[in-house]
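Chains as they are written, first to last, in full-length UniProt numbering: chain A, 1 to 121; chain B, 1 to 121. We put the beta carbon where it would ideally sit given N, CA and C, even for glycine. Single-structure report; data block below.
There are 2 protein chains.
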Amino acid sequence: MSKQEERVLDRPAGAVGCSPLVREPLSADRSAELARVFKALGDPVRLRLLSLIASHAGGEACVCDLTGVFELSGPTISHHLKVLREAGLITGERRGTWIYYRVRPELLGRLSDVLVPEMTA
Amino acid sequence: MSKQEERVLDRPAGAVGCSPLVREPLSADRSAELARVFKALGDPVRLRLLSLIASHAGGEACVCDLTGVFELSGPTISHHLKVLREAGLITGERRGTWIYYRVRPELLGRLSDVLVPEMTA
């Protein structure tokens, strides 16, 4: 293992991290974590849901705000919301009858930082 | 269709675009384009390949530089490189025996911009 790879592996486990992937080789662990989140983003319905939630009034939305936009059943939308939630991209809070979803800006920010195309030396 | 959705659809087709997804709802077309690229990133081996290519000396690498890092066959690595290439994340240029791969920083930059977690109003 190279010095560079050792340094990457020193990072705390479970942290998606924010060092751009163009700067140094990703470790196997870190790439597995990141791939899980990008896979959740790799679906058009989930991307639209994420965008609708984030841009909704007050930065939150319930399933009742989302179902009218798609020609998809409630259970299908709920499934996609579950995938986004399990990937850590949104949180859900039950209030009365509905669960209200919010985007987690800190994870979006870390993903954005990972993709920054810094110039290599 | 809302005024907001009309405005998003006005964008040129085929452009991944760079307006943050938290700012306004993604159109169906734009989310389909973005999902295709995020899906290509949703695999640990492809993320590591992308990172290895970008951080390699001179910002480029051939399969000969990449095979030693993984316990994967040459054809498997070539398949993943093909997926990255078809998603527009890397380019390949044949020089002599080898194809040399480079990351496309402009696409990485646009993806990074899409994920920026701007605060909503």
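Between the alpha carbons of residue i and residue j, how many angstroms are there, rounded?
{"i": "Ser55 of chain B", "j": "Glu71 of chain A", "result": "43 Å"}
{"i": "Arg95 of chain A", "j": "Tyr101 of chain B", "result": "51 Å"}
{"i": "Leu50 of chain B", "j": "Leu115 of chain B", "result": "19 Å"}
{"i": "Glu93 of chain A", "j": "Thr67 of chain A", "result": "18 Å"}
{"i": "Leu52 of chain A", "j": "Asp65 of chain B", "result": "42 Å"}
{"i": "Arg30 of chain A", "j": "Pro20 of chain A", "result": "12 Å"}
{"i": "Cys62 of chain B", "j": "Thr97 of chain B", "result": "10 Å"}
{"i": "Gly58 of chain A", "j": "Arg104 of chain B", "result": "36 Å"}
{"i": "Leu108 of chain B", "j": "Ile99 of chain A", "result": "34 Å"}
{"i": "Leu111 of chain B", "j": "Arg46 of chain A", "result": "16 Å"}
{"i": "Leu81 of chain A", "j": "Glu33 of chain A", "result": "19 Å"}
{"i": "Asp113 of chain B", "j": "Ser27 of chain A", "result": "24 Å"}
Using the rule of at least 16 other Cβ atoms within 10 Å of the residue's Cβ for burial, across every protein chain shown, is residue i buried or exposed?
{"i": "Pro75 of chain A", "result": "exposed"}
{"i": "His79 of chain B", "result": "exposed"}
{"i": "Glu106 of chain B", "result": "exposed"}
Under 8 Å by Cβ, that's how I've got residue i and residue j pegged, so tell me the actual separation to the nearest angstrom.
{"i": "Pro117 of chain A", "j": "Arg48 of chain B", "result": "Not confirmed; about 17 Å, so no contact."}
{"i": "Val37 of chain A", "j": "Ala87 of chain A", "result": "5 Å"}
{"i": "Ile90 of chain A", "j": "Leu84 of chain A", "result": "5 Å"}
Contiguous beta strand (DSSP E) assignments of at least 3 residues, all confined to the UniProt domain "HTH arsR-type" (26 to 121) of chain A: 60 to 62, 90 to 95, 98 to 103
Would you check if there are 3 or more beta carbon pairs closer than 8 Å linking the region 36 to 48 of chain A to the region 37 to 48 of chain B? Counting Cβ pairs under 8 Å, three or more are found: they touch.
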